[in-house]
Amino acid sequence: MMDPTVDNKGSVIPPNEEHLINNGANSKRPKFDDAQTKTNDVDMITSDGKSSDPATGDGLIWDAASSDNLSSLFAGMPDLPGSRRRDDEYILVRQTGPDTFVGTVKAKLDYLPTKAEFNASCRLYRDGAGNYYPPPLAFDKIDVPEQLNADWHGLQPPERDRLRFHYKLDVWNRAHEQMGITGTRIFYETDKNIPLDRNYRLKPEHKYVETKKYGRREIQKRYENEFQAGSLLPDILIKTPENDIHFVYRFAGDKYANKTFAQFEHSVKNTFGNNAEIKLKSKSGIMHDSKYLESWEHGSADIRFAEFAGENRAHNKQLPLATVNMGRQPDGNGGLTSDRHVSVEFLLQNASGTPWAHALKKGELWDRVQVLARDGNRYITPPRLQYSDPEHFTQLMNRVGLPVSMGLQSHAESIKFEQLDAKPAVLVASSPELRECRDIAQERWREVIDKQVLIADRNEKGQRTGTYTSALEYKRMMLKLPEDAAQMLGKPADEYSREFVRPEPATRPIYDHRASYESRPRGQTVNSL
Numbered sequence: 001m002m003d004p005t006v007d008n009k010g011s012v013i014p015p016n017e018e019h020l021i022n023n024g025a026n027s028k029r030p031k032f033d034d035a036q037t038k039t040n041d042v043d044m045i046t047s048d049g050k051s052s053d054p055a056t057g058d059g060l061i062w063d064a065a066s067s068d069n070l071s072s073l074f075a076g077m078p079d080l081p082g083s084r085r086r087d088d089e090y091i092l093v094r095q096t097g098p099d100t101f102v103g104t105v106k107a108k109l110d111y112l113p114t115k116a117e118f119n120a121s122c123r124l125y126r127d128g129a130g131n132y133y134p135p136p137l138a139f140d141k142i143d144v145p146e147q148l149n150a151d152w153h154g155l156q157p158p159e160r161d162r163l164r165f166h167y168k169l170d171v172w173n174r175a176h177e178q179m180g181i182t183g184t185r186i187f188y189e190t191d192k193n194i195p196l197d198r199n200y201r202l203k204p205e206h207k208y209v210e211t212k213k214y215g216r217r218e219i220q221k222r223y224e225n226e227f228q229a230g231s232l233l234p235d236i237l238i239k240t241p242e243n244d245i246h247f248v249y250r251f252a253g254d255k256y257a258n259k260t261f262a263q264f265e266h267s268v269k270n271t272f273g274n275n276a277e278i279k280l281k282s283k284s285g286i287m288h289d290s291k292y293l294e295s296w297e298h299g300s301a302d303i304r305f306a307e308f309a310g311e312n313r314a315h316n317k318q319l320p321l322a323t324v325n326m327g328r329q330p331d332g333n334g335g336l337t338s339d340r341h342v343s344v345e346f347l348l349q350n351a352s353g354t355p356w357a358h359a360l361k362k363g364e365l366w367d368r369v370q371v372l373a374r375d376g377n378r379y380i381t382p383p384r385l386q387y388s389d390p391e392h393f394t395q396l397m398n399r400v401g402l403p404v405s406m407g408l409q410s411h412a413e414s415i416k417f418e419q420l421d422a423k424p425a426v427l428v429a430s431s432p433e434l435r436e437c438r439d440i441a442q443e444r445w446r447e448v449i450d451k452q453v454l455i456a457d458r459n460e461k462g463q464r465t466g467t468y469t470s471a472l473e474y475k476r477m478m479l480k481l482p483e484d485a486a487q488m489l490g491k492p493a494d495e496y497s498r499e500f501v502r503p504e505p506a507t508r509p510i511y512d513h514r515a516s517y518e519s520r521p522r523g524q525t526v527n528s529l
């Protein structure tokens with residue numbers, strides 16, 4: 001196996017890159033030795049102005065005018081077809097072993113791959129913002145002009161879908177002809193042996209692919225051809241100014257443990273130059289450019305970089321791992337007391353002999369418990385976390401001393417939504433407990449900072465979801481506040497979202513050069529690479 005501290009050109013990668021830079025990228029194809037069969041073209045031109053054919057002995061007589069015309073053509077040699085296209089408009093990736101990959105940009109290919117070679121590789125297509133898409137996601141990103149959508153609006157959904165697919169397939173094939181790619185398989189077929197949940201999404205136990213040395217990685221779809229579809233690619237792709245490709249895996253305890261993406265980026269640019277590009281893989285398989293991620297959501301490159309190694313970027317590291325609501329009890333006056341979420345660990349350690357502690361250990365009060373998500377910025381109900389992230393759920397419940405059976409409980413839908421609607425719009429973290437706003441004294445409220453505030457989330461239909469998210473996460477993601485939370489905080493609902501503009505690449509990875517949609521007014525673009 002290749003020494004991970006040596007790149008493909010034989011140069012040693014600096015010590016601070018050890019274990020990170022994996023498989024240098026410039027994949028040179030094998031040279032075919034044709035010295036014994038090659039004939040020098042000059043020797044085929046006879047001294048009498050004839051081009052002789054060694055196989056037949058016949059010759060073609062070139063007149064002077066033709067020779068002059070061709071000489072003029074050669075003197076002002078025209079550009080090759082497609083020569084103005086980007087040298088890095090696509091990358092071919094080959095898998096050379098378990099967890100080892102080699103990538104080559106278009107301009108560094110030694111020869112044009114065959115159709116079979118194209119289809120045996122993972123093809124990555126570049127969009128206008130420097131993101132790279134594997135085939136099924138590049139195909140999905142093809143835009144259908146608004147006029148065609150309007151023309152098809154009255155059709156039945158199956159017919160509309162059929163026309164959309166064939167339009168996109170035509171664009172796909174034309175784009176590949178222009179790029180010179182003969183292998184055009186899309187690899188969108190999913191593995192029919194993998195069952196889906198009722199929302200047609202992967203069940204938690206099927207959301208991961210295993211690496212040999214670096215643990216498992218979460219994905220969104222299980223494809224029949226996982227490599228060609230991009231599911232098996234490493235965490236990070238680095239493209240140097242010379243268009244060499246390097247791949248990087250992160251893992252727990254690596255050289256960048258608990259360091260920021262900015263520190264990693266600084267190291268990469270010191271090694272490869274300031275114009276080196278860094279792409280971070282999404283769960284869908286897209287290699288997102290780090291600049292694009294930052295333009296989309298501030299801090300998202302750092303969050304993704306941390307997640308690769310099982311780290312999180314929680315805004316408030318002091319939040320309890322799990323809480324139980326000891327409030328919402330009859331107050332003796334026909335009402336209910338305020339919600340009061342107490343740290344489960346604190347309760348079990350300091351009041352272990354109480355009925356509350358005994359009930360929790362038996363698995364009761366599960367609908368009063370909320371647990372901290374893996375990212376450290378959201379509280380979720382036990383059943384929801386058990387379904388969405390069973391590994392983290394089990395680890396957390398064992399750590400705080402609660403039975404995992406809490407994640408297997410549920411109420412009828414009507415009861416569940418009634419309970420969710422009754423929850424306060426805002427909670428404030430105060431040491432080992434979370435309190436309602438109305439219980440925070442006015443003089444203390446002035447000292448409350450955003451990282452202590454948790455917002456009761458609502459979905460696009462305005463329904464409570466049962467989760468509480470840090471106000472700093474709303475701010476980072478530039479999300480609109482729910483109206484009830486905004487009123488409670490005394491802020492406009494668009495406090496964080498008013499300046500959000502969705503960035504759009506100037507061009508998609510695959511697009512129709514004939515269509516007019518590319519020239520229509522678009523939102524803010526990210527196209528500085």
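Heads up: the sequence shown begins at 1 in UniProt numbering, then just goes up one per residue.
Beta carbons are placed, not taken as given, at the ideal position from N, Cα and C, and that holds for glycine.
Just so we're clear, the structure is a prediction, and the values are computed from it rather than from any experiment.
Rounded distance between the beta-carbons of residue j and residue i, thought under 8 Å
{"i": "L372", "j": "L408", "result": "With a Cβ gap of about 19 Å, L372 and L408 do not count as contacting."}
{"i": "V268", "j": "D512", "result": "Not confirmed; about 35 Å, so no contact."}
{"i": "S295", "j": "H288", "result": "With a Cβ gap of about 11 Å, S295 and H288 do not count as contacting."}
{"i": "N225", "j": "F165", "result": "Between F165 and N225 the Cβ distance is about 19 Å, and since that is not below 8 Å, they are no contact."}
{"i": "R502", "j": "H298", "result": "Wrong, their Cβ atoms sit about 14 Å apart, outside the cutoff."}
{"i": "G82", "j": "G180", "result": "6 Å"}
Cβ shell of residue i (< 7 Å), same chain only, five flanking positions each side left out
{"i": "F251", "result": "Y214, G215 and A309"}
{"i": "Y200", "result": "none"}
{"i": "S497", "result": "M478, L479 and K480"}
{"i": "F264", "result": "Y256 and F305"}
{"i": "M488", "result": "A425, V426 and C437"}
{"i": "Y167", "result": "V144 and L148"}
{"i": "S388", "result": "P204"}
{"i": "S300", "result": "L293 and E294"}
Burial state of residue i (16 or more Cβ within 10 Å)
{"i": "P509", "result": "buried"}
{"i": "F74", "result": "exposed"}
{"i": "P330", "result": "exposed"}
{"i": "A456", "result": "buried"}
{"i": "W445", "result": "exposed"}
{"i": "K451", "result": "buried"}
{"i": "D127", "result": "buried"}
{"i": "Q220", "result": "exposed"}
{"i": "S290", "result": "buried"}
{"i": "R217", "result": "buried"}
{"i": "H315", "result": "buried"}
Under the three-state DSSP convention, the category residue i falls into
{"i": "I510", "result": "coil"}
{"i": "I236", "result": "strand"}
{"i": "F500", "result": "coil"}
{"i": "P4", "result": "Summary for P4: the model assigns pLDDT 38, below 50, so the residue's position carries little reliability; its value from the coordinates is reported in the next sentence. P4: coil per DSSP, three-state reduction."}
{"i": "A301", "result": "helix"}
{"i": "A229", "result": "coil"}
{"i": "D170", "result": "helix"}
{"i": "F466", "result": "It should be pointed out that residue 466 corresponds to Gly in this sequence rather than to Phe. Of the three classes helix, strand and coil, the one that applies to G466 here is strand, per DSSP."}
{"i": "L202", "result": "strand"}
{"i": "G407", "result": "helix"}
{"i": "M477", "result": "helix"}
{"i": "T271", "result": "helix"}
{"i": "T56", "result": "Reliability of the predicted coordinates at T56 is poor, the pLDDT of 49 falling under 50, and no value is obtained from them."}
{"i": "D151", "result": "helix"}
{"i": "A429", "result": "strand"}
{"i": "residue 535", "result": "This structure gives no information on residue 535, because the portion of the chain shown stretches from 1 to 529."}
{"i": "K31", "result": "In this prediction, K31 has a pLDDT of 36, which is less than 50 and means its spatial position is unreliable; what the coordinates show is noted afterwards. Correct three-state label for K31: coil."}
{"i": "E418", "result": "helix"}
{"i": "D287", "result": "Just to set this straight, residue 287 is Met in the shown sequence, not Asp. M287 falls in the strand class under three-state DSSP."}
{"i": "H358", "result": "helix"}
Neighbourhood of residue i by C-beta distance below 6 Å, restricted to the same chain and skipping five residues each side
{"i": "G327", "result": "T337, S338, D339 and R340"}
{"i": "A64", "result": "none"}
{"i": "A175", "result": "I510"}
{"i": "P482", "result": "R458"}
{"i": "F500", "result": "M478"}
Residue-chain proximity (residue i, chain B), Cβ-Cβ < 8 Å
{"i": "A441", "result": "Of the chains in the structure shown, none is chain B; there is only one protein chain."}
8 Å CB neighbourhood of residue i in its chain, flanking five on each side removed
{"i": "V344", "result": "P320, L321, A322, T323, V324, L360, V369, V400, G401 and L402"}
{"i": "A262", "result": "D302"}
{"i": "A422", "result": "R328"}
{"i": "L196", "result": "L202 and K203"}
Check: Hey, is the stretch 117-125 in contact with the stretch 192-212, meaning 3+ C-beta pairs nearer than 8 Å?
Finding: no
Notebook entry, point to check: Can at least three beta-carbon pairs, one atom from the stretch 369-384 and one from the stretch 450-470, be found at a separation below 8 Å?
Noted result: yes
Notebook entry, point to check: Quick check: the stretch 183-194 against the stretch 77-93, are there 3 or more CB pairs under 8 Å?
Noted result: no
Check: Are three or more beta carbon pairs between the stretch 105-115 and the stretch 80-96 nearer than 8 Å?
Finding: yes
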